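Residue numbers are given in our numbering: position 97 of the sequence shown equals residue 100, and the series is strictly consecutive.
Cβ coordinates follow ideal geometry from the N, Cα and C atoms, glycine included.
As the structure is a prediction and not an experimental result, all values here were calculated from the model.
Okay, so here's the structure we're looking at.
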Amino acid sequence: RAVAQTDYVLAGRDLDAVKLDIRARTAAAFYVVLIAQDRQALANELLNLAQRVADTVQIRVDAGKVSPVESTRAQIEVSTARISVIRSVRELAAARARLSATWGSSTTSFQRAIGTLPDPGPPPPLDRLIPLLDDTPEIRRLNDHIQRRDQVLDLENSFRFPDLTLAAGPRWFKATGQSAWVAGFGLSIPVFDRNQGERRAAEFEVERARREAQAGRVAIETELVAVVERLTAAAEVSDALNRDLVPATSSAFAAIETGYREGKFGFLDVLVAQRALFDARSVLLDSLEEYALTRIELERIVARSLTRIPHRVSTADGEWQPPVVLFPNSAPQRSATTPASPDSRKTQHLTTLRRPRDETR
């Protein structure tokens with residue numbers, strides 16, 4: 004009975020692990036859609052900017068201030084930007100299909116996704132995260148598996164001693180024609196079989212379960228450390244890009260574009276500044292995606308949202324408290340609203356997500 008109860012508990016652990024995995028995969032698919040929408044908006048912005056630069060170049064060509072070759076080069080940039088838009092549209096469609104598949108739909112019934120990416124920030128320290136592993140389904144399952152093997156060993160040990168059989172009841176004696184109540188007992192005496200083989204095998208299984216639990220714990224802690232390092236790196240890169248590189252490339256492009264109209268810079272300078280700006284913004288999107296997906300992975304490992312883990316990080320200026328995440332580790336919300344135009348800010352996404360048959364939640 005104890006073994007059966009532990010099997011029931013183990014089945015519950017497996018169910019909890021599956022729920023965590025589904026939740027993480029759904030949240031990751033949702034974040035990928037948000038990033039894909041931002042990439043499409045960025046590609047459209049690049050196309051508009053390339054067209055604006057091409058128009059400026061054509062004006063200078065018509066005025067005889069620059070060679071017609073520059074107009075051709077500008078049109079090449081427009082064509083390249085248009086191809087990027089087409090690619091971003093296809094990538095967004097694929098991301099939407101993967102998100103729809105998480106709730107069992109083979110078709111995409113929503114136009115846009117509404118949500119906010121988590122603000123990049125350092126994760127909680129390891130000394131706060133590692134103790135949380137004891138409450139995760141994976142670690143609990145390993146411990147329950149050891150308990151089950153111990154119970155099997157106890158069961159096999161109980162077979163060393165024979166069972167006492169008692170019997171009682173009326174009996175009819177044909178020879179005398181009389182009946183009487185009789186009672187008796189039976190006890191088998193094992194001589195060569197004391198269940199040694201099964202007991203020995205159960206002992207080895209107990210040791211095996213303990214070793215596997217130890218190895219599993221080490222593997223999970225190693226994965227936790229790696230994910231924390233990746234999350235820290237993504238947060239630092241996102242902060243550096245958003246604070247330094249993107250504003251610098253934006254200012255440089257604006258200045259060079261203005262200077263090109265005034266004849267102070269050549270078309271090559273405009274082209275280099277334009278590519279630098281959009282490369283920086285593209286890398287920022289990659290970094291934000293890496294942070295969001297890595298955060299989901301960390302929350303899956305510790306089986307809880309990071310916003311529920313109180314932590315502070317010591318810095319040179321004192322202690323820093325991470326901001327509250329506006330979209331903490333939750334499945335995508337579905338609504339039947341009219342699609343809105345995309346917002347070009349770093350982590351804001353205005354989108355609509357609607358389930359089939361206009362079901363809302």
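Task: Three-state class that DSSP yields for residue 15 in the structure shown - done: Position 12 of the sequence shown, counted from the first residue, corresponds to residue 15. Reduced to three states, the DSSP call for residue 15 is helix.
Open item on the list: Can you tell me where the alpha helix (DSSP H) holding residue 297 begins and where it ends?
Closed with: Numbered from its first residue, the sequence shown carries residue 297 at position 294. Residue 297 -> alpha helix (DSSP H) spans 270-305.
Open item on the list: Can you check which of these residues, 90, 219 and 66, is closest to residue 44 by C-alpha distance?
Closed with: Against the sequence shown, residue 44 aligns to sequence position 41. For the residues 90, 219 and 66, the minimum Cα distance to residue 44 belongs to 90.
Open item on the list: Taking DSSP's pairing of strands, which residues face residue 377 in a bridge?
Closed with: Residue 377 falls outside the range modelled here, since the chain spans only 4 to 364, and no answer is possible.
Open item on the list: Between 275, 187 and 152, which has its C-alpha nearest residue 7's C-alpha?
Closed with: In the sequence shown, residue 7 corresponds to position 4, counting from 1. Among 275, 187 and 152, the Cα nearest to that of residue 7 belongs to 152.
TODO: Please name the residue, chosen from 78, 298 and 121, that lies closest to residue 61 on a Cα-to-Cα basis.
DONE: Here the question's residue 61 lines up with position 58 in the sequence shown. The shortest C-alpha to C-alpha distance from residue 61 to any of 78, 298 and 121 is the one to 78.
Task: Candidates 238, 128, 146 and 186, of which the one nearest residue 287 by Cα - done: Indexing the sequence shown from 1 puts residue 287 at position 284. The shortest C-alpha separation from residue 287 is found at 238.
TODO: Give me whichever residues DSSP pairs with residue 181 in a beta bridge.
DONE: As a first step, residue 181 is located in the sequence shown; it is residue number 178 there, counting from the start. Paired residues: 176.
Task: Separation of residue 217 from residue 201, as counted between CA atoms - done: Translated into positions along the sequence shown, residue 201 becomes position 198. Translated into positions along the sequence shown, residue 217 becomes position 214. Their backbone Cα atoms lie some 24 Å apart in a straight line.
- [ ] Rank 105, 303 and 266 by C-alpha distance to the C-alpha of residue 223 and give the top, closest one.
- [x] As a position in the sequence shown, residue 223 is number 220, starting the count at 1. When only C-alpha atoms are compared, the closest one is 303.
Open item on the list: For a minimum of 4 consecutive residues, which ranges assigned as the alpha helix (DSSP H) are wholly contained in the region 94-148?
Closed with: DSSP runs (the alpha helix (DSSP H)) wholly in the region 94-148: 129-132.
Task: Within-8 Å CB hit, residue 55 to chain D - done: Within the model displayed, chain D is absent; a lone protein chain is all it includes.
TODO: List the endpoints of the continuous alpha helix (DSSP H) containing residue 213.
DONE: Start at 1 with the first residue of the sequence shown, and residue 213 comes out as number 210. 199-243 is the extent of the alpha helix (DSSP H) around residue 213.
Open item on the list: Rounded to the nearest angstrom, what separates residue 213 and residue 161 at their Cα positions?
Closed with: By one-based count along the sequence shown, residue 213 stands at place 210. By one-based count along the sequence shown, residue 161 stands at place 158. So the alpha carbons of these two residues sit roughly 22 Å apart.
Open item on the list: Can you check which of these residues, 240, 101, 219 and 278, is closest to residue 33 by C-alpha distance?
Closed with: Here residue 33 is taken as the residue at index 30 of the sequence shown, counted from 1. The residue with the shortest Cα to Cα distance from residue 33 is 101.
Task: Range covered by the alpha helix (DSSP H) that runs through residue 258 - done: Mapped onto the sequence shown, residue 258 falls at position 255. Segment 249-264, the alpha helix (DSSP H) holding residue 258.
TODO: Could you work out which residue in 24, 48 and 23 is closest to residue 285 when comparing CA atoms only?
DONE: For the purposes of this step, residue 285 is identified with residue 282 of the sequence shown, where counting begins at 1. Ranking the options by Cα distance to residue 285, first place goes to 48.
TODO: Measure the CB-CB distance between residue 283 and residue 248 and report whether it falls below 8 Å.
DONE: Counting from 1 along the sequence shown, the entry for residue 283 is found at position 280. Counting from 1 along the sequence shown, the entry for residue 248 is found at position 245. For residue 283 and residue 248, yes; Cβs fall inside 8 Å.
TODO: Excluding the 5 residues preceding and the 5 following residue 280 in the sequence, name in chain order all residues of the same chain whose CB lies nearer than 7 Å to its CB.
DONE: On the sequence shown, position 277 is the one that residue 280 refers to. Hits under 7 Å: 252, 253 and 256.
Task: CB contact flag (residue 305, residue 136, <8 Å) - done: As a first step, residue 305 must be located in the sequence shown, where it is residue number 302. As a first step, residue 136 must be located in the sequence shown, where it is residue number 133. It is a contact, given that the beta carbons lie within the stated cut-off.
Task: With 16 other Cβ atoms within 10 Å as the buried cut-off, status of residue 124 - done: Start at 1 with the first residue of the sequence shown, and residue 124 comes out as number 121. Under this definition residue 124 is a buried residue.
Open item on the list: Which same chain residues end up closer than 8 Å to residue 14 when comparing Cβ atoms and leaving out the 5 residues on each side of it in sequence?
Closed with: Here residue 14 is taken as the residue at index 11 of the sequence shown, counted from 1. Residues of the same chain with their beta carbon placed closer than 8 Å to that of residue 14 are lacking, with the five preceding and five following residues left out of the count.
- [ ] Evaluate residue 204 with the Cβ neighbour count: other Cβ atoms within 10 Å of its Cβ, from every protein chain shown; 16 or more gives buried, anything less gives exposed.
- [x] Working through the sequence shown from its first residue, we reach residue 204 at position 201. Its Cβ having fewer than 16 others within 10 Å, residue 204 is exposed.
TODO: Determine the direct distance from the alpha carbon of residue 84 to that of residue 236, and round the result to whole angstroms.
DONE: Along the sequence shown, one-based indexing puts residue 236 at 233. Along the sequence shown, one-based indexing puts residue 84 at 81. Going by the C-alpha atoms only, they are around 30 Å apart.
TODO: Evaluate residue 173 with the Cβ neighbour count: other Cβ atoms within 10 Å of its Cβ, from every protein chain shown; 16 or more gives buried, anything less gives exposed.
DONE: As a first step, residue 173 must be located in the sequence shown, where it is residue number 170. With fewer than 16 Cβ atoms within 10 Å of its Cβ, residue 173 is classed as exposed.
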